[in-house]
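Structure first, then comments.
There are 2 protein chains.
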Amino acid sequence: MSLIVQKFGGSSVADAERVMNVARIVTDTFKQGNDVVVVVSAQGDTTDDLIAKAEEINPNASKREKDMLLAAGEQISISLLAMAIEKLGYHATSLLGWQAGFQTSSAHTSARIKRVDPSRIRAAIDRNNIVVVAGFQGLSRFGDVTTLGRGGSDTSAVAIAAAMHADLCQIYTDVEGVYTADPRKVPEAKKLKEISYDEMLELATLGAQVLNNRSVEMAKKYNIELEVLSSLTKAPGTIVKEKPKMEKMLISGVAKDTDVTRISVMGVPNVPGLAFKMFSKLSAKGINVDIILQSIGHDGLKDISFTVAKSRGQEAVDCLQDYMENLGAKEVLYDDKVAKISIVGAGMESHAGVAAKMFEALYDAQINIQMISTSEIKVSVLIDEKDADKAVKAIHDKFFD
Amino acid sequence: MSLIVQKFGGSSVADAERVMNVARIVTDTFKQGNDVVVVVSAQGDTTDDLIAKAEEINPNASKREKDMLLAAGEQISISLLAMAIEKLGYHATSLLGWQAGFQTSSAHTSARIKRVDPSRIRAAIDRNNIVVVAGFQGLSRFGDVTTLGRGGSDTSAVAIAAAMHADLCQIYTDVEGVYTADPRKVPEAKKLKEISYDEMLELATLGAQVLNNRSVEMAKKYNIELEVLSSLTKAPGTIVKEKPKMEKMLISGVAKDTDVTRISVMGVPNVPGLAFKMFSKLSAKGINVDIILQSIGHDGLKDISFTVAKSRGQEAVDCLQDYMENLGAKEVLYDDKVAKISIVGAGMESHAGVAAKMFEALYDAQINIQMISTSEIKVSVLIDEKDADKAVKAIHDKFFD
């Protein structure tokens, strides 16, 4: 008998019919002799509807009250799923984040899980119940309801799997697994049978949006085997684990990320320490910088370009504008019509020429590269946003055809 | 400085505009130097919407899961009201039933409050916060979310007032107070300045539907002064207290209750103990019997009639049908097209002829009386449902013109 944690996102429980579908998946797993803990997100558009209600009343509401509001979303979905499981003739117990033992930091709207005490989950399993846990939420040490931020339910599921030493953590989504590229854009994209945590992390960070990266980091840390699969088809998904069976592929995928803005600070004096000061300023505001490119100085001046998430772009520009005088820089340029295209693959480490092959594909497609960044297992380039889909297809064809 | 508990029902917080209206009432009270604890119900139709979602999935869901589902309703309204209060520039803290210290029995969907530990409410007040508490909900000793059943938010408000020794508990509704009759049906109805707990209890039980009777019972027990008033007008409401100032009125109101079914068991042998057995059967099923009327026996047989709530009518009939043989009775008749009309007033005790005056009013209006029941401070009659409004008006005219 295994302990399996299954996570279903908001679209998987969007209406009564889909809730019943999830109940069937869950009870099928239970019938096969497994203990099952299910983690669910809020139904479909519930979170957006609740945010709209709040915005209408007070767009600057405290984060504590936002968390209190949003946490009602999963409360609705867990009780409905428990009812659906009961309907199929099984015992179910729904548990809110705090009841399921989720202790978090008190950073409202983006709390970190500090500890999961699964004793209530365990007790319900011992009573032969399928346990349905509210993802995305927990309780701070002040006894306040907290939420984990975007993608938090994935992290909730992995945290339970880690705390309970589960045998498998299945993440059900609306795609059948992890693909070599976005299958909606690249019809030739292939589903991967297995992938390593590190490759999955690079893909998640790079905008493949299959799995939340905090959840993959946690799975790697506690060595939890993940499976990404679809709640709508019966097809096997993609297993994420430490040492996947090698499929003889140089790269495991091509990812596109359009949530990116390029900022360039022009005419910075070519003296030591200015880059440090500049990025300290941004860091102090919690703005994460991704690719950084510094031109070779000439006439005692240099240009520093970097990328940040679109949502923080304007803030980053404002922050630097205020600091221009101290930097002695000339001007700040800003371009949010850009996209980051990345290839990821553990095979890269031992094969030369992977980056060159990617650049060749882009050259063949007449796509201009603005910035380049590389790590052991990935190569990223920044290009014009309008070329993004064409670039993904060109690179995919080059590597996978 | 006083401590005031204010309770707002679902219609008072139905949309953003009304939530802001409630926030203004609450902050006005706070500005006058009072500590304020606000108790709110779920918004408008939220509870009905949630019930519909559950019915679609599983009409026979466990009560535990129903409570988990419904409790999400107040979670939404408390956080929205807290946001609205913040918008007006004040500090607010929303608290769920369990956070506010509500410990209840584990009778899901109709739990009883066992204890309120107001320490978190007190701590938030000490930090100069207006505290917004989810009505209708609590936590069982098993750590499960419970709800108090219909009208539970009134009871939540009074329970907090009792636990914190509040100076006043205001129940805001969509009427301006307690009237001598339903003002929508009887335009001449007068608003009462004050009324005793006992009169209010009779009125609540009798279908005046202004205040939940559990809340009035609790207010009486702990001597909490209640005020019933409107959230939409600024008019003073009706004070409910132990010894109201006497307004020289024989009766304080005329109430109509159409949630009633008359059941008659015909041809019961005229031997001792059968009525006891019959009503024991109903009591064992938790069916409350109201008016009971027994005919004088003839030919060794008698008829027993009684009333129950409409929702339990069919169940009561089925229960008795099964028991007909043991009773030796002939048949069970059933009529749910009836209404109970009642007059209530502490003045009745010391004045003869009040019942006669009521009967005269009905006779003048040519309305047939089916059953009669009296207590120290009330007289109730059962009549045909179609005559109900006419009867209320006729009685009101007789006593108040």
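If you read the protein sequences in the order shown, they are chains A and B.
Just so we're on the same page, the working numbering is the position in the first sequence counted from 1, plus 3.
Just so we're on the same page, the working numbering is the position in the second sequence counted from 1, plus 3.
Backbone N, C-alpha and C define an ideal beta-carbon position, used for all residues, glycine too.
Query                                                                                                                           : Result
Contiguous beta strand (DSSP E) assignments of at least 3 residues, all confined to the stretch 108 to 134 of chain A           : 116 to 119
Interface positions of the stretch 18 to 34 of chain A facing chain B (Cβ-Cβ less than 8 Å), listed along the chain             : 19, 22 and 23
Proximity test, Cβ basis, 8 Å: residue 90 of chain A and chain B                                                                : yes
Closer than 8 Å to chain A by CB, residue 287 of chain B                                                                        : no
Inside the stretch 30 to 80 of chain B only - beta strand (DSSP E) runs reaching at least 3 residues                            : 38 to 43
Whole-angstrom distance between residue 75 of chain A and residue 70 of chain B, CA atom to CA atom                             : 13 Å
Cβ-Cβ distance between residue 77 of chain A and residue 41 of chain A below 8 Å                                                : no
Residues in the stretch 64 to 76 of chain A having any Cβ partner in chain B nearer than 9 Å                                    : 64, 65, 67, 68, 69, 70, 71, 72, 73, 74, 75 and 76
Beta-bridge pairing of residue 304 of chain A - partner residues as DSSP gives them                                             : A/272 and A/301
Within-8 Å CB hit, residue 3 of chain B to chain A                                                                              : No statement about residue 3 of chain B is possible, as the shown extent of chain B runs from 4 to 404 and does not include it.
Euclidean distance between Cα positions of residue 241 of chain B and residue 175 of chain B                                    : 11 Å
Beta carbon of residue 198 of chain A nearer than 8 Å to that of residue 239 of chain A                                         : no
Separation of residue 143 of chain A from residue 271 of chain A, as counted between CA atoms                                   : 44 Å
Buried versus exposed call for residue 287 of chain B [16 or more other C-beta atoms within 10 Å across all chains shown]       : exposed
Where the beta strand (DSSP E) through residue 197 of chain A begins and ends                                                   : 197 to 199
Sequence ranges, beta strand (DSSP E) only - wholly within the stretch 154 to 212 of chain B, length at least 3                 : 171 to 176 and 197 to 199
Coil, strand or helix - residue 234 of chain B by DSSP                                                                          : coil
The stretch 381 to 393 of chain B touching the stretch 341 to 348 of chain B, judged by at least three CB pairs closer than 8 Å : yes
Residue-level contact to chain A via CB, residue 159 of chain B, 8 Å cutoff                                                     : no
Element boundaries [beta strand (DSSP E), containing residue 258 of chain A]                                                    : 256 to 260
Proximity below 8 Å, CB of residue 222 of chain B to CB of residue 266 of chain B                                               : no
Option nearest residue 52 of chain B by Cα separation, candidates B/72, B/36 and B/67                                           : B/72
Under the three-state DSSP convention, the category residue 6 of chain A falls into                                             : strand
Closer than 9 Å at the beta carbon, the chain B residues around residue 334 of chain A                                          : What residue 334 of chain A touches in chain B: nothing, since even the nearest Cβ is about 39 Å away.
Pair within 8 Å by beta-carbon distance, residue 46 of chain B and residue 81 of chain B                                        : no
Whether residue 159 of chain B touches residue 134 of chain B by CB criterion (8 Å)                                             : no
Proximity test, Cβ basis, 8 Å: residue 15 of chain A and chain B                                                                : no
For residue 398 of chain B, the first and last residue of its enclosing beta strand (DSSP E)                                    : Not the beta strand (DSSP E): residue 398 of chain B falls in the alpha helix (DSSP H), residues 391 to 403.
CB contact check: residue 57 of chain A to chain B, cutoff 8 Å                                                                  : yes
Contact with chain A by residue 131 of chain B, beta-carbon distance below 8 Å                                                  : no
CB contact check: residue 146 of chain B to chain C, cutoff 8 Å                                                                 : No chain C is present in this structure, whose protein chains are A and B.
Residue from B/7, B/49 and B/19 whose Cα sits closest to the Cα of residue 30 of chain B                                        : B/7
Proximity of residue 54 of chain A and residue 23 of chain B at Cβ, strictly below 8 Å                                          : no
Partner residues on chain B for residue 143 of chain A, Cβ-Cβ distance less than 9 Å                                            : By Cβ distance, chain B contributes nothing, its closest Cβ being about 12 Å from residue 143 of chain A, past 9 Å.
Burial state of residue 25 of chain B (16 or more Cβ within 10 Å)                                                               : buried
Any C-beta of chain A under 8 Å from that of residue 329 of chain B                                                             : no
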